[in-house]
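A quick write-up on the structure given underneath.
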Amino acid sequence: MFQAALRPYWDAAAETRAPAEQRRLRLEGTRRLLDWVTERSPFYRERFRKAGVDLRGIRTLEDFAAAVPLTAKQELRDAMERMGTALPHLCVPREQIVLAGPSAGTSGRQTYQAFTAEDLDVNTGITARLHWCCGLRPGDVFHLLITPFTPAAEIFKLAAQRMGVHWVIRDDHEPNHVPRYVDVAHSLQPTFLQAGVATLRAMVQHAAATFGNKRMAYRKAILMGAALGAEARAEFREESGIDVYTLSGQGSDFNLFGTQCDRHDGEHWHADDLTLVELIDPNTGMPAQEGELGELVITDFYRRATPHVRWRTEDMYRMHPGPCACGRTTRRYTLLDRLANRVTVGRVSVYPFQVEESLSRSDAGRNLEFSLVRRPGAARTLEVRLLRPSTLIAETAGEIERSIAAHLSKELGVPVQAGFHDRLRYVGYKTLRVVDEKDAPVSAY
Ligand SMILES: [Zn+2]
Numbered sequence: 040m041f042q043a044a045l046r047p048y049w050d051a052a053a054e055t056r057a058p059a060e061q062r063r064l065r066l067e068g069t070r071r072l073l074d075w076v077t078e079r080s081p082f083y084r085e086r087f088r089k090a091g092v093d094l095r096g097i098r099t100l101e102d103f104a105a106a107v108p109l110t111a112k113q114e115l116r117d118a119m120e121r122m123g124t125a126l127p128h129l130c131v132p133r134e135q136i137v138l139a140g141p142s143a144g145t146s147g148r149q150t151y152q153a154f155t156a157e158d159l160d161v162n163t164g165i166t167a168r169l170h171w172c173c174g175l176r177p178g179d180v181f182h183l184l185i186t187p188f189t190p191a192a193e194i195f196k197l198a199a200q201r202m203g204v205h206w207v208i209r210d211d212h213e214p215n216h217v218p219r220y221v222d223v224a225h226s227l228q229p230t231f232l233q234a235g236v237a238t239l240r241a242m243v244q245h246a247a248a249t250f251g252n253k254r255m256a257y258r259k260a261i262l263m264g265a266a267l268g269a270e271a272r273a274e275f276r277e278e279s280g281i282d283v284y285t286l287s288g289q290g291s292d293f294n295l296f297g298t299q300c301d302r303h304d305g306e307h308w309h310a311d312d313l314t315l316v317e318l319i320d321p322n323t324g325m326p327a328q329e330g331e332l333g334e335l336v337i338t339d340f341y342r343r344a345t346p347h348v349r350w351r352t353e354d355m356y357r358m359h360p361g362p363c364a365c366g367r368t369t370r371r372y373t374l375l376d377r378l379a380n381r382v383t384v385g386r387v388s389v390y391p392f393q394v395e396e397s398l399s400r401s402d403a404g405r406n407l408e409f410s411l412v413r414r415p416g417a418a419r420t421l422e423v424r425l426l427r428p429s430t431l432i433a434e435t436a437g438e439i440e441r442s443i444a445a446h447l448s449k450e451l452g453v454p455v456q457a458g459f460h461d462r463l464r465y466v467g468y469k470t471l472r473v474v475d476e477k478d479a480p481v482s483a484y
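If you use my numbering, the sequence shown corresponds to residues 40 to 484, in order.
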């Protein structure tokens, strides 16, 4: 076994390149991909022809952004219908596919991605960078909770094994299987967890109720699926002894993710030399100005089977300025929210990440799962549903609800009504952060 302590990065050459060199690789890779898809893909050829793209005129990344049209997921779905195939963006013969699978997506028609052997090898390497960055090391016992039918389930396991983590305990990722996950944690003592934020919260609650202790054997965890405030992260460390790192990104079409490093200053985009990410103004499609929020757009130019050219993710991100103290030069982003998750109260737009961050700053609300309720028409009050913790004493619930509502209201600048619920709705392993209710509120706020 190599000396893990002496290896600060999984792939030092790739993760600490000078920014100008990263940029050169992105330009080169993007131009190579344009040639590849134009030659191989009727789907892209048709799109480029309609947009009048002249490949010879693309000399810079700015030229690329100005000339090449954005692609929305709906356009892939339309092409699936029109071309009668689940993989209209496939650029290789089917015999070259070694892995393919559906997204775990829950809205609209299921889409698919495919990998050649080379795609899989590169994506496994990117994922190993990610795992190493979050502190997974040879000798760890890795508890991986993940939707089993997705390519991600295979690739996260392969990446861990590539770095010398031999014991991977893989399980599905369902809210109602939390008791089993906790039992496995107590019985087999895995030391590293990858799971959703809501799942770890439920596991900690369940461990406390069942074993009288919020501690399991995990020393670190990668948490997926939601934002996490700094205070909520500190609480996991203090109460459960777990250092947590958030992960966000694009599993369903790309299997590409960003994660925090031990500095927790944004999430490193680990594939900065193998993909091109842009932030755009979602209304105009123009590049977002430095320091502004923007919709993440991905060109995964390392891919050969089902590559994506300027693919809109519908997720809003903020880029972090300057280099990270960890020494990685890969760019850092924070996922703010899906565009569709905006809830309007009066004239104010509220996103779930703001509620998460604000709850993190309140003693009573920290690490509570929640949903926001959106109803037709103009709302004057933000309705927040909180998942009732198993330790909550009934007599004090009303008082806690009022104190959380007052805290949120003060920080968000809108009237808030907060209430505990025994169940919240889930999509997959994630709590549905915005619930659309057709009915008017029961009480007149
Ligand atoms: Zn860093």
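Every residue, glycine too, gets a C-beta built ideally from N, C-alpha and C.
Helix, strand or coil at residue i according to DSSP, with G and I counted as helix
| i | result |
| --- | --- |
| residue 286 | strand |
| residue 188 | coil |
| residue 181 | strand |
| residue 344 | coil |
| residue 55 | coil |
| residue 321 | coil |
| residue 328 | coil |
| residue 443 | helix |
| residue 339 | coil |
| residue 64 | helix |
| residue 45 | helix |
| residue 512 | Absent from the structure is residue 512, since the part of the chain shown begins at 40 and ends at 484. |
| residue 205 | coil |
| residue 293 | coil |
| residue 168 | helix |
| residue 378 | helix |
| residue 465 | strand |
| residue 253 | coil |
Pairwise C-alpha distance: residue j and residue i
| i | j | result |
| --- | --- | --- |
| residue 106 | residue 91 | 8 Å |
| residue 483 | residue 119 | Reliability of the predicted coordinates at residue 483 is poor, the pLDDT of 36 falling under 50, and no value is obtained from them. |
| residue 128 | residue 83 | 7 Å |
| residue 360 | residue 262 | 24 Å |
| residue 188 | residue 141 | 7 Å |
| residue 225 | residue 244 | 14 Å |
| residue 192 | residue 186 | 7 Å |
| residue 320 | residue 266 | 22 Å |
| residue 417 | residue 456 | 15 Å |
| residue 475 | residue 414 | 6 Å |
| residue 399 | residue 88 | 50 Å |
| residue 394 | residue 447 | 7 Å |
| residue 203 | residue 444 | 47 Å |
| residue 357 | residue 298 | 14 Å |
| residue 65 | residue 72 | 10 Å |
| residue 74 | residue 260 | 40 Å |
| residue 458 | residue 464 | 15 Å |
| residue 68 | residue 342 | 10 Å |
| residue 213 | residue 468 | 5 Å |
| residue 442 | residue 198 | 45 Å |
| residue 370 | residue 102 | 21 Å |
| residue 350 | residue 338 | 6 Å |
Among the options, the one whose alpha carbon lies nearest that of residue i
| i | options | result |
| --- | --- | --- |
| residue 348 | 55, 176, 114 | 114 |
| residue 312 | 54, 440, 420 | 54 |
| residue 327 | 302, 355, 339 | 355 |
| residue 86 | 466, 108, 60 | 108 |
| residue 335 | 314, 345, 342, 343 | 314 |
| residue 289 | 277, 304, 280, 316 | 316 |
| residue 219 | 201, 230, 236, 241 | 241 |
| residue 152 | 170, 304, 291 | 291 |
| residue 81 | 253, 346, 459 | 346 |
| residue 253 | 101, 274, 459 | 274 |
| residue 180 | 201, 228, 222, 138 | 228 |
| residue 294 | 473, 159, 452 | 159 |
| residue 352 | 374, 370, 117 | 374 |
| residue 331 | 173, 430, 372 | 372 |
Beta bridge counterpart(s) of residue i as assigned by DSSP
| i | result |
| --- | --- |
| residue 151 | 141 |
| residue 388 | 383 |
| residue 126 | Beta-bridge pairing links residue 126 to no other residue. |
| residue 160 | Answer is none; residue 160 lacks a bridge partner. |
| residue 136 | 155 |
| residue 372 | 306, 358 |
| residue 334 | 319, 355 |
| residue 210 | 184 |
| residue 298 | 286, 307 |
| residue 456 | 422 |
| residue 470 | 465 |
Heavy atom of ligand 3 within 7 Å of residue i beta-carbon
| i | result |
| --- | --- |
| residue 130 | Questions concerning ligand 3 fall outside what the structure shown contains, since the ligands it does hold are ligand 1. |
Contact with chain B by residue i, beta-carbon distance below 8 Å
| i | result |
| --- | --- |
| residue 360 | Note that chain B does not occur in the displayed structure, where there is just one protein chain. |
3-residue-minimum beta strand (DSSP E) runs that sit fully inside the region 212-251, ordered along the chain: Correct list: 231-235.
Completely contained alpha helix (DSSP H) runs for the region 392-438, where each covers 4 or more residues: none
Runs of beta strand (DSSP E) wholly within the region 86-122 (minimum 3 residues, chain order): none
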